[in-house]
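Chains as they are written, first to last, in this note's numbering: chain H, 61 to 358; chain P, -7 to 330.
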C-alpha cells in the first residue's frame, strides 16, 4: 500500500494539468491538419504527402502578410486563400491526370510536390527560422506558469474551423456534392455532379485548412522549411489511428495522440516523446488495424 | 510455404518459339557481359572523382534495386528503406569499431544482421496493411529508427554519427591489401552484380511469381490459397537485407555512419530512383540512381553548390510519373524479365 501511495504522490499533479492543456492545444492544431488530410483521402483516395508542405507554406505566407500589413487576422485569411488557390492549381496540374490510375501514383506525385515545395521554401526564405508575434499578448496564471491566452485561442479557433467545415459539409450544396462523391463517384457523376470540380474543391479546402493551421501554429515556435515533415508524420499517425477517411475519428485520435505525447514529455526528452505516439500506432495496427475510433471494424 | 509453384506466365507461349527464346537469352547475357565489362574497365579510365562517383551510383543502385523487389514485383511501395540502409551502415560501423583489426566480412555480417532485425520488425507490423497504409507505416517506422539513432548518443554518436577506418580488402588465403578507389569499385561492382543475379533469380522463381501475382491481384492470390502476408513479409525482409548490404558498402566506402542517411529523405530518393529508372526491371533503378546523381552533380556544377537541385529534379520526377509511368527503362521491362 505504501508503495502505491508513494507512486501517486510522485505524480506531479500541476505538471499533469499543464500538460493536459498543452496536449489539447496541439491536439486541436493536429486535428485541423489531419481533418484536411483525411478529407482528401476519404474523397479522392489520395494520400497527400505534400500536406505538411502546404502547412509550412501557409505559415510562410502568414509571415509575409504580417510583416507587410501587421494584421494577424488578415494573414490567417490571406494564407488560407492563397494556399487554397495553390492547392487547386497543384491538383489540376498533377493529380487530375492520375484519376483512375493506381492510388500509389498519387502518393508518389504528392511526395514529388512536397520535395519541390520544401526546397523552394529553403531556397526562397533561407534556413533561418522566422518568428511572428502572438496576436494576443495577455497571459493567465496556471500554477507557476504565465500561460498565454493565445494558445487557448488556437484551440478554440481550430475547433471553430472544423465545426464550420462540418456545417459546410452538412448543409451547403457543395458539401452535399462532396458527400455524394465520397459515397459513390460513378453514381454522383451520373446524377450530374461535376466530380472533377469536387475533387479540385476538396483539395483546395484541405490545403486551406492546412495553411490556416500553419498560421495559427506559427507564433508558438517559429517557421522554417522543414516544419512540414514533423506535422505530416503526426497527421499520418493520427489518420491511421483514427481510421482513414473518418473525420470524427481523426479529431479524437489527434487529441488522444497529443495528450499521450504531452504526458510522455513529463518524464522523457521531448524528442523521445515522439516514440510514444509511434508505440500507440504499433499497438493500433496490432489490435485494431482499421482504427481505434471506428465503431464497427470493416 | 508448401503450396505448389505457379506456372511461369510465358511458358506456354515460349514453347513454339524455342529459337527466338534462345536468341533472347544470348542477347541478354551478351548485353549483361558488355555492361559489366564496361564497368570493370571504367575506373581505369576515369579520374579519381568520377571513379568514386560511379561507385556511389552502384551503391545507391543496389539500394534502389532492393526496393524494386517491393515496388516493382510485390506492388507495395516502401517509404522506409532508409531504416534498412541505416541499420546496415550502423551495424557495419559497430563491427568495425569493436573488432581489431577491422574485418570486412564481419562488418558485412553485422550490417546484414542489423538490417535483418529492422526488416523483421517493419515486415511484421506493416505487411498487415495494404498499399497506402503500408507506405505510411514504413515511413513512420523508419522515423522511429531515426529518432532512436539520433537521440541515443552514447551508442550511435547522435547527430555526429560514427567515424571509423576502412577495413582491408581481405579474401582468405588469396588477397589482403588496403582498399584503393579502384579495388573498392571492383568490390562494390562484384557485390552489386551478385545481388542483381540473386534478385533476378528470386523474381523468376516460383516465389517471385507469387509476389508478382500479389502485385497483380492480391485478393485472388489469397483465394487461390497462398499465405499472402507471409510472402509479403519474406519479400520485405529480403529487400531489407539487400538494402542493408548497400548500407554496409556505403559505410565502408565513406568511412562514416551518420543519422542523415536514416532520415526519410534517403527513402524518398530511393523511391525516386525506382520511378525514374523504371520499376519492375531491377536494372532500371540503377539507371535511375545514375540519372539522378548525374543530374544533381551537373546542376550543382553549373549553377553552384547553393542551387536547389531538388526543385528541377522533383518536377522531372512528377512529369515522369504522369507522362512516362514506366520510367526510363520501361520500354524494356518485359524483355528484361524474360
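The beta-carbon is built from N, C-alpha and C at its ideal position, and this holds for glycine as well.
Treat the numbers as computed from the prediction; the structure is a model and nothing was measured.
Excluding residues up to 5 positions away in sequence, 264 lie with their Cβ nearer than 8 Å to the Cβ of residue 145 of chain H in the same chain. Secondary structure at residue 283 of chain H: strand, using DSSP grouped into helix, strand and coil. Cβ contact annotation for residue 132 of chain H (same chain, cutoff 7 Å, sequence separation greater than five): 126, 195, in chain order.
Contact between the stretch 181 to 191 of chain P and the stretch 123 to 130 of chain P is absent: fewer than three C-beta pairs spanning the two stretches fall below 8 Å. Counting along the chain, residue 214 of chain H sits inside the alpha helix (DSSP H) bounded by residues 209 to 231.
Contiguous alpha helix (DSSP H) elements confined to the stretch 239 to 300 of chain P occur at 256 to 269, 275 to 295, taking only those with 4 or more residues.
Close CB contacts of residue 320 of chain H within its chain, under the 7 Å cut and outside five residues either way in sequence, are with 336, 337, 340 (chain order). DSSP, reduced to helix, strand and coil, places residue 168 of chain P within a strand of the structure shown.
By the neighbour-count definition (other C-beta atoms within 10 Å, threshold 16), residue 52 of chain P is a buried residue. Taking the Cβ atoms as the reference, residue 107 of chain P lies roughly 20 Å from residue 64 of chain P, outside the contact range of under 8 Å. Under the DSSP definition of a beta bridge, residue 206 of chain H partners with H/201. Sequence-distant partners of residue 241 of chain H (beyond 5 residues in either direction) whose C-beta falls short of 7 Å from its own C-beta, in its chain, are 103, 248, 253, 255, 258. For the stretch 187 to 212 of chain P, there are no residues whose beta carbon sits under 9 Å from a beta carbon of chain H. Under the 7 Å criterion on CB atoms, residue 332 of chain H is classed as interfacial with respect to chain P. Among the residues of chain P, those whose CB is under 8 Å from the CB of residue 107 of chain H are 124, 127, 128, following chain order. Taking a 10 Å sphere around the C-beta of residue 251 of chain H, we find fewer than 16 other C-beta atoms and assign the residue as exposed. DSSP, reduced to helix, strand and coil, places residue 43 of chain P within a helical segment of the structure shown. If you ignore the 5 residues before and after residue 190 of chain H, its C-beta comes within less than 7 Å of the C-beta of 123, 282, 283, all in its own chain and listed in chain order. By the 16-neighbour rule on beta-carbons within 10 angstroms, residue 144 of chain P is exposed. Interface residue (Cβ-Cβ distance to chain P less than 7 Å): residue 342 of chain H is classified as such. Contact annotation: the stretch 244 to 256 of chain P touches the stretch 148 to 158 of chain P, with at least three C-beta pairs closer than 8 Å. With contacts defined by Cβ atoms closer than 7 Å, residue 56 of chain P and residue 265 of chain P form a contacting pair. At a beta-carbon threshold of 8 Å, the residues of chain P lying near residue 158 of chain H are 313, 314, ordered along the chain. Taking 7 Å as the CB threshold, residue 303 of chain P lines the interface with chain H. Annotation for residue 327 of chain H: the continuous alpha helix (DSSP H) segment containing it runs 307 to 327. Residue 172 of chain H belongs to the set of residues whose beta carbon lies under 7 Å from a beta carbon in chain P. In the three-state reduction of the DSSP assignment, residue 348 of chain H falls in the coil class. Chain H has a Cβ within less than 7 Å of the Cβ of residue 120 of chain P. Residue 294 of chain H is classed as buried because its beta carbon has at least 16 other beta carbons within 10 Å across all chains shown. The C-alpha of residue 101 of chain H is placed about 10 Å away from the C-alpha of residue 166 of chain H.
Per DSSP, residue 163 of chain P is one residue of the beta strand (DSSP E) stretching across 161 to 163. Neighbourhood of residue 139 of chain P in chain H, by CB distance below 9 Å: 331, 332, 334, 335, 338, in chain order. Per the DSSP secondary-structure output, residue 190 of chain H pairs in a beta bridge with H/283.
Residue burial is scored here from C-beta neighbours: residue 108 of chain H has at least 16 other C-beta atoms within 10 angstroms and is therefore classed as buried. In the DSSP assignment, residue 92 of chain P falls outside any alpha helix (DSSP H) and carries neither an H nor an E. With fewer than 16 other Cβ atoms inside 10 Å of its own Cβ, residue 172 of chain P counts as exposed.
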